[in-house]
């Protein structure tokens, strides 16, 4: 059976959701985070060495633990979107959505009815065949969560139109790329804070939720105040490095 629409429903409702990036191309980090209760994970194909087989394994682990498995695809190209949705992803995080026209193309590539998603009934998302095509199509369209990552300064000029695009379920504020592109000193410098508030304002006007990356509670508190409800907290690599650094420091301090 295809995945259900629970994650998309919770995101649209504004539930507080906690996830993390998965950077290591194995299923184990996803299994661990899902097992301890994370609401979702984001498999990072854009900035990590995931191939289709590794993504497939991570999504299998997400489904096994009840966590929603999203994938940050390497580009908005339709074949990248189709690949991970066929593998059973609960949704996609799409980088560099800098125009309303691109947002519309992304939304269309992720849905069958009124869209352009390629059909196969033999994939994991369709239960490996044997079901009724139109039952699967209805379920898949209801479940697919499409998140547009806003990380380019030019996207700010069209932010209301991007947010209002039918089929775009949420906006992800990409502060890192905005900081680099705008030449700001930090990702909370005044120009970045202004951009963040513009994006959050557009999402609110369109009735769309906001997803953000945070490295700690101070950032999370600020971003929650401006309307973020879904938080990608650190990454599997970050958690491992933090815990390992703490353990090493404690052991070095032995008398």
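Residue numbers (the numbering used here): 17 to 271. Positions of the beta carbon are idealized from the N, C-alpha and C atoms, including for glycine.
Secondary structure within the segment 22-72: the alpha helix (DSSP H) runs of 4 or more consecutive residues, fully enclosed, are 22-29 and 44-51 (chain order).
A distance below 9 Å separates the beta carbons of residue 204 and residue 235. Around the Cβ of residue 173, a 10 Å sphere holds fewer than 16 other Cβ atoms; the residue is exposed. Runs of alpha helix (DSSP H) with 4 or more residues, each lying fully within the segment 209-252, are found at 233-241, listed in chain order. The shortest C-alpha to C-alpha distance from residue 63 to any of 265, 253, 268 and 271 is the one to 253. Counting along the chain, the unbroken beta strand (DSSP E) around residue 86 starts and ends at 84-88. Counting C-beta pairs with one atom in each stretch, the segment 158-165 and the segment 180-194 have three or more that are closer than 8 Å, which means they touch.
Residue 113 is positioned such that its CB atom lies no closer than 9 Å to that of residue 215. Residues 33, 34, 35, 83 and 84 of the same chain have their beta carbon placed closer than 7 Å to that of residue 55, with the five preceding and five following residues left out of the count. Along the segment 103-180, the beta strand (DSSP E) occurs as fully enclosed runs of 3 or more residues at 107-110 and 161-166, listed in sequence order. Taking C-alpha positions only, residue 158 is separated from residue 270 by approximately 56 Å. With contacts defined by Cβ atoms closer than 9 Å, residue 71 and residue 47 do not form a contacting pair. Here residue 248 really is in contact with residue 229; their C-beta atoms are around 5 Å apart, less than 8 Å. In the structure shown, residue 187 falls within a strand segment according to DSSP collapsed to helix, strand and coil. Put simply, the backbone Cα of residue 147 is about 13 Å away from that of residue 135. Judged by beta-carbon spacing, residue 225 lies beyond the 9 Å limit of residue 198, meaning their Cβ atoms are not closer than that value.
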